[in-house]
Amino acid sequence: MRLWRKRRLLILIICCIWLCSVALIYLLIVTREDNIRDGEHQLLWWTNDMTWSYDELRHCAGETCRVTNNRQRLEEARSILFYGSNLKTFDFPLPRRGRQIWGLLHEESPRNVPFAPYTEFLQHFNYTSTFSRHSNLPLTTQYLPYASDLGMLDFYRSFEDKDVVQFNEEISTVVFLQTDCNTMSGREDYVQELMKHIRVDSYGGCLRNIDLPASLQRDYLNNLYSDELLRFLARYKFMIAIENGVCEDYITEKYWRPLMAGIIPIYFGSPSIRDWEPHKNSAIYIDDFPNASSLASHLVHVGQNKTAYNSYLSHKLNRRQPIANPKLLHELLTRKYQVNRGNQKEELSLFQKFECFMCRRTAWTRTPRTANRNHYSCPLPPAYAPLGRQKEPKFGSDWRSMMNVGRCQAQLLDSLFRANRSYTESEFERRLKQMVLQDLCN
């Protein structure tokens, strides 16, 4: 009798599981049908960067979405996609429809969009794709094309070979290649101070004291990883790698390119950079030195000592384990996008991956998430490389002022988004001016 009761109980449990499964499948089907009826598969790019007519059918792992930049389709669009680098404070699709999802793609520092780092602004987006590991589609390693690039020996030159090149071609051990000479990080100020203590070969438009070969002058900015450029840079022992802005996980080609070429980066930028280095001793970090003079002394020592120099190049010299950092290796193997050395293909791939990410989220999300400050984490006020006598960079006060205005912009946008009504550029500027003059944003 007890055995029969146990069987009845087992049958009852199986039936309950079956019924729950059927109910769940039905709910998903109904949800999906509702979403389709509501036009959820229409994605609209709300950006002026696309000056051409854009209308694509995107197939994304079982989902199909139509992606367009035709603003006439705003009513039927389920998701609105924004490209952060060219956001305009007066150009948002308001009033916002109740079920519309907003997605933000922003891979750059806040120098062009000073209101981006503030919670008041970010909280109005449901999904983000930024350099931050905390965003929904992180782009932390986007500037490192392939994991194998760190260990490749295509451009690598030995310590002895670099000594010979340095002597024969009369070049420095340190190279600097930048065109932007007004950065939030005070890059140009620090390099200028470093030049007082050690020779630096500076190419590009910033602090230039030597010219690139004619073949590289034409378009090196659009060919950041060209074989010719990497081969040219590989002659040097050190490369100054200072980001234009300081944000958590904001790591650009400034860091990855010298590692690829077999040069030791002299790095300043992301406070979390050590989470991503291929080995524990992969770069020389400016933060480790009290001033440029002490850094220069360290560069002279390492540049003259083969053992010390090679200790920074385990990603080239340790052929069994070019990447010893499991976090970096896992990120490179599992990231949901693939970059290429050709910038145009890379950019298209990034946009398409974001479209597919938003397509899937749009199709299945019942309760959208809300972005927060961790999705775009930048120290405020802006941090900069340490200068002697605790000086601040030449344009430090300008950047600080710009970010303060950005705080006002974020707070005003928050107010307007909550009011959920359209507004004009002149209205926005008038109200912003009042907030700044009355010091209402601190």
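Taking full-length UniProt numbering, the leading residue of the sequence shown gets 1, the next gets one more, and so forth.
All C-beta atoms, glycine included, are put in the ideal place defined by N, C-alpha and C.
Could you check the C-alpha separation between PRO138 and THR370 for me, to the nearest Å? Residue mapping note: residue 138 aligns to position 138 of the sequence shown, counting from 1. Residue mapping note: residue 370 aligns to position 370 of the sequence shown, counting from 1. Rounded to whole angstroms, PRO138 to THR370 spans 15 angstroms at the Cα level.
Using beta carbons (cut-off 9 angstroms, strictly below), is PRO368 in contact with chain D? Of the chains in the structure shown, none is chain D; there is only one protein chain.
Alpha carbon of ALA234 to alpha carbon of ALA363, nearest angstrom: Here residue 234 is taken as the residue at index 234 of the sequence shown, counted from 1. Here residue 363 is taken as the residue at index 363 of the sequence shown, counted from 1. Those two C-alpha atoms are separated by around 48 angstroms.
Could you pull the start and end residues of the alpha helix (DSSP H) that LEU295 belongs to? As a first step, residue 295 must be located in the sequence shown, where it is residue number 295. Boundaries of the alpha helix (DSSP H) harbouring LEU295: 292-303, taken from the DSSP string.
Return the chain-ordered list of same chain residues with a C-beta closer than 7 angstroms to the C-beta of ALA116, the five sequence neighbours on each side being excluded. Indexing the sequence shown from 1 puts residue 116 at position 116. Within the same chain, ALA116 has close Cβ partners GLY84, HIS106, PRO110 and TYR376.
Output the distance between the C-alpha atoms of TRP399 and ASP180, rounded to the nearest integer angstrom. One-based indexing of the sequence shown puts residue 399 at position 399. One-based indexing of the sequence shown puts residue 180 at position 180. As the crow flies, the alpha-carbon of TRP399 is around 14 angstroms from that of ASP180.
Could you tell me the distance, in whole angstroms, from the CA atom of PHE268 to the CA atom of VAL67? As a first step, residue 268 is located in the sequence shown; it is residue number 268 there, counting from the start. As a first step, residue 67 is located in the sequence shown; it is residue number 67 there, counting from the start. Taking the straight line from one Cα to the other gives about 39 angstroms.
When LYS353, LEU177 and MET50 are compared against LEU87, the one with the closest alpha-carbon: Within the sequence shown, the letter at position 87 stands for residue 87. Considering only alpha carbons, the answer is MET50.
Flag this pair as yes or no: are the beta carbons of TRP256 and LEU412 separated by less than 9 angstroms? The count along the sequence shown starts at 1 and reaches residue 256 at position 256. The count along the sequence shown starts at 1 and reaches residue 412 at position 412. No, Cβ-Cβ distance for TRP256 and LEU412 is not below 9 angstroms.
Can you have a look at THR183 and say buried or exposed, based on whether 16 or more other CB atoms are within 10 angstroms of its CB? Counted from its first residue, the sequence shown places residue 183 at position 183. THR183 counts as buried, since at least 16 other C-beta atoms from the protein chains shown sit within 10 angstroms of its C-beta.
Express the C-alpha separation of PRO379 and ARG373 in angstroms, rounding to a whole number. The count along the sequence shown starts at 1 and reaches residue 373 at position 373. The count along the sequence shown starts at 1 and reaches residue 379 at position 379. If you take the alpha carbons of ARG373 and PRO379, they lie about 11 angstroms apart.
Nearest candidate by alpha-carbon position, reference VAL113, set LEU333, ASP219, VAL405 and ASN420: In the sequence shown, residue 113 corresponds to position 113, counting from 1. If we check each option's Cα against that of VAL113, VAL405 comes out closest.
Complete alpha helix (DSSP H) runs within the UniProt domain "Fucosyltransferase C-terminal" (173-318) (minimum length 4 residues, chain order): Here the runs fully enclosed are 187-194, 214-217, 227-233, 253-261, 292-303, 306-310 and 314-317.
What did DSSP end up calling TYR376 once you bin it into helix, strand or coil? Start at 1 with the first residue of the sequence shown, and residue 376 comes out as number 376. Correct three-state label for TYR376: helix.
Does DSSP classify HIS124 as helix, strand or coil? Taking the first residue of the sequence shown as 1, we reach residue 124 at position 124. Residue state, collapsed to three classes: coil.
Contained alpha helix (DSSP H) runs [length at least 4] in the UniProt domain "Fucosyltransferase N-terminal" (42-138), N- to C-terminal order: List check, alpha helix (DSSP H) in window: 119-122.
Can you give me the Cβ contacts of PHE121 inside the same chain, cut-off strictly under 6 angstroms, excluding the 5 residues immediately before and after it? Residue numbering aside, residue 121 sits at position 121 when the sequence shown is read from its first letter. Counting only Cβ-Cβ distances below 6 angstroms, and skipping sequence neighbours, we find PHE115, ALA410 and LEU413.
Nearest-angstrom Cα separation, counted from ASN325 out to ARG418: On the sequence shown, residue 418 is found 418 positions in, with the first residue counted as 1. On the sequence shown, residue 325 is found 325 positions in, with the first residue counted as 1. The alpha-carbon atoms of ARG418 and ASN325 are separated by roughly 44 angstroms.
Which residues bound the alpha helix (DSSP H) around ALA410? As a working note, residue 410 is residue 410 in the sequence shown. Looking at the DSSP string, the run of the alpha helix (DSSP H) that includes ALA410 is 396-419.
Helix, strand or coil: how does DSSP classify THR334 here? Within the sequence shown, residue 334 is the residue found at index 334, counting from 1. Helix.
How is THR140 classed by DSSP in three states: helix, strand or coil? Position 140 of the sequence shown, counting from 1, holds the residue named residue 140. Under the three-state reduction of DSSP, THR140 is assigned to coil, being neither helix nor strand.
Beta-carbon proximity check, VAL165 vs ILE171, cutoff 9 angstroms: Here residue 165 is taken as the residue at index 165 of the sequence shown, counted from 1. Here residue 171 is taken as the residue at index 171 of the sequence shown, counted from 1. Yes, these two residues count as a Cβ contact at 9 angstroms.
Measuring only the C-alpha atoms, how far is THR307 from TYR156? The sequence position of residue 307 within the sequence shown is 307, counting from 1. The sequence position of residue 156 within the sequence shown is 156, counting from 1. Inter-residue distance for THR307 and TYR156 is about 17 angstroms (C-alpha atoms, whole angstroms).
MET152 and MET239 - do their beta-carbons sit closer together than 9 angstroms? Residue mapping note: residue 239 aligns to position 239 of the sequence shown, counting from 1. Residue mapping note: residue 152 aligns to position 152 of the sequence shown, counting from 1. In this structure, MET152 does not lie closer than 9 angstroms to MET239 by Cβ.
Give me the Cα-Cα distance between GLU75 and TRP102, rounded to the nearest whole angstrom. Numbered from its first residue, the sequence shown carries residue 75 at position 75. Numbered from its first residue, the sequence shown carries residue 102 at position 102. Rounded to whole angstroms, the gap between the alpha carbons of GLU75 and TRP102 is 14 angstroms.
On the three-state DSSP scale, how would you describe residue 451? Because the chain spans 1 through 442 in this model, residue 451 falls outside it and cannot be assessed.
Quick check on the DSSP output: the alpha helix (DSSP H) that includes GLY388 runs from which residue to which? What you label residue 388 is simply residue 388 of the sequence shown in a count that begins at 1. Looking at the DSSP string, GLY388 is not in any alpha helix (DSSP H), and its letter there is neither H nor E.
With TYR236 and VAL175 assumed to form a contact (beta carbons below 8 angstroms), what rounded beta-carbon distance in angstroms separates them? Position 236 of the sequence shown, counted from the first residue, corresponds to residue 236. Position 175 of the sequence shown, counted from the first residue, corresponds to residue 175. With 8 angstroms as the limit, TYR236 and VAL175 qualify as a contact, their Cβ atoms being about 4 angstroms apart.
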